[in-house]
Amino acid sequence: MHNLADEIEGCLEACHTNAGLLLSKGPREITISVGATPQVTAIENLTAGGAGGPGEKRLLAAITKVKGESQDRLRLNLELHAGVYSVLDMQQMSTCSRTALGKYEDEVAITVLAEVCSVYNDGERANPEALIAVGTLGLGREPCPAYSGWGVTGHRPFPGSKEGRRLIVERISQEHSILSWDSGSEKEADLPAIPLKVGQTISIYPNHACVTGALYGWYLVVDSSRPNTTEIVDVWVRGSGW
Numbered sequence: 001m002h003n004l005a006d007e008i009e010g011c012l013e014a015c016h017t018n019a020g021l022l023l024s025k026g027p028r029e030i031t032i033s034v035g036a037t038p039q040v041t042a043i044e045n046l047t048a049g050g051a052g053g054p055g056e057k058r059l060l061a062a063i064t065k066v067k068g069e070s071q072d073r074l075r076l077n078l079e080l081h082a083g084v085y086s087v088l089d090m091q092q093m094s095t096c097s098r099t100a101l102g103k104y105e106d107e108v109a110i111t112v113l114a115e116v117c118s119v120y121n122d123g124e125r126a127n128p129e130a131l132i133a134v135g136t137l138g139l140g141r142e143p144c145p146a147y148s149g150w151g152v153t154g155h156r157p158f159p160g161s162k163e164g165r166r167l168i169v170e171r172i173s174q175e176h177s178i179l180s181w182d183s184g185s186e187k188e189a190d191l192p193a194i195p196l197k198v199g200q201t202i203s204i205y206p207n208h209a210c211v212t213g214a215l216y217g218w219y220l221v222v223d224s225s226r227p228n229t230t231e232i233v234d235v236w237v238r239g240s241g242w
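Put into structure tokens, the structure is as follows:
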């Protein structure tokens with residue numbers, strides 16, 4: 001909240017400092033464009049009765065100031081950068097910028113499908129692992145401070161898994177990755193077998209949607225409110241280029 005207020009106040013100061021230049025050719029309408037995904041997510045707290053802290057109060061004052069300083073000759077508008085707000089990702093989930101965020105499987109709207117190529121449950125490796133057919137070229141290689149992996153699978157492909165336990169992309173190469181349990185404080189000896197089969201398709205929630213999305217030319221859209229949540233209902237061509 002304080003960071004966003006700083007940005008708005010800085011832009012207001014710039015408008016004041018350069019008012020003579022901005023208005024030299026007549027009235028102007030200027031849009032103050034600030035923020036990023038965490039800010040546009042956190043601002044929802046203002047509409048949920050969460051405006052009691054100093055950061056929230058300062059941000060509200062900055063927004064009000066933009067409205068109050070719009071005049072006939074210099075009209076000011078405020079715009080927030082949406083970032084990946086429309087889809088979110090594991091990085092944005094880790095910021096906890098909104099008080100009402102649910103589970104990542106319900107909040108993150110972008111996943112990458114990958115085929116399971118091999119499963120190692122019989123002692124071939126130190127811990128149970130699985131090899132999947134997607135790597136850096138399909139997921140990106142962006143870290144997330146909340147855990148040590150490069151993507152997270154959902155619980156839904158393997159019902160009955162321990163609550164809170166999840167499979168993560170622990171190691172990643174150019175065209176393949178290794179899944180293992182996000183064990184946390186569990187002892188390695190207590191980790192169960194990987195509940196996947198060769199040929200199975202799984203969904204991976206990426207750390208950074210902006211990087212992962214840039215690797216593809218389109219989005220295959222599904223509707224989680226429908227009985228068949230895997231049915232493709234639309235194809236969105238991705239805007240690209242600079």
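Each residue of the sequence shown is one higher than the one before, counting from 1 in the UniProt record's numbering. Just so it is clear, CB atoms sit at the ideal spot from N, CA and C, and this is done for glycine as well. The structure displayed is predicted, hence computed values, not measured ones.
Under the three-state DSSP convention, the category residue i falls into
| i | result |
| --- | --- |
| aspartate 223 | coil |
| threonine 153 | strand |
| leucine 196 | coil |
| leucine 137 | helix |
| alanine 209 | helix |
| asparagine 77 | strand |
| aspartate 234 | strand |
Contact set for residue i: own chain, Cβ-Cβ below 7 Å, skip 5 residues either direction
| i | result |
| --- | --- |
| tyrosine 85 | Thr37, Val40, Thr41 |
| leucine 191 | Asn127, Pro128, Trp181, Ser183 |
Rounded straight-line distance, which links the Cα of residue j to that of residue i
| i | j | result |
| --- | --- | --- |
| histidine 16 | glycine 217 | 43 Å |
| glycine 26 | lysine 67 | 20 Å |
| arginine 171 | valine 237 | 30 Å |
| alanine 19 | asparagine 207 | 42 Å |
| serine 118 | glutamate 124 | 12 Å |
| glutamine 200 | serine 97 | 35 Å |
| glycine 7 | glycine 102 | According to the sequence shown, residue 7 is glutamate rather than glycine. Answer to the nearest angstrom: the Cα atoms are 29 Å apart. |
| glycine 149 | glutamate 69 | 47 Å |
Spatial neighbours of residue i in its chain, beta-carbon cut-off 8 Å, leaving aside the 5 residues before and after
| i | result |
| --- | --- |
| leucine 46 | Glu56, Leu59, Leu60 |
| aspartate 72 | Pro27 |
| tyrosine 229 | A quick correction: the sequence has threonine, not tyrosine, at residue 229. Hits under 8 Å: Val222, Asp223. |
| glutamine 174 | Gly135, Thr136, Leu137 |
Same chain only: Cβ atoms within 6 Å of residue i, ignoring 5 sequence neighbours per side
| i | result |
| --- | --- |
| alanine 146 | Ser94 |
| histidine 81 | Gly35, Ala36 |
Check your understanding: Along the chain, which unbroken stretches of the beta strand (DSSP E) at least 3 residues long are found entirely within the stretch 5-69?
Key -> 28-34
Exercise for review: Identify every run of the beta strand (DSSP E) within the stretch 86-123, keeping only runs that are complete inside it and at least 3 residues long; order them along the chain.
Suggested key: 112-120
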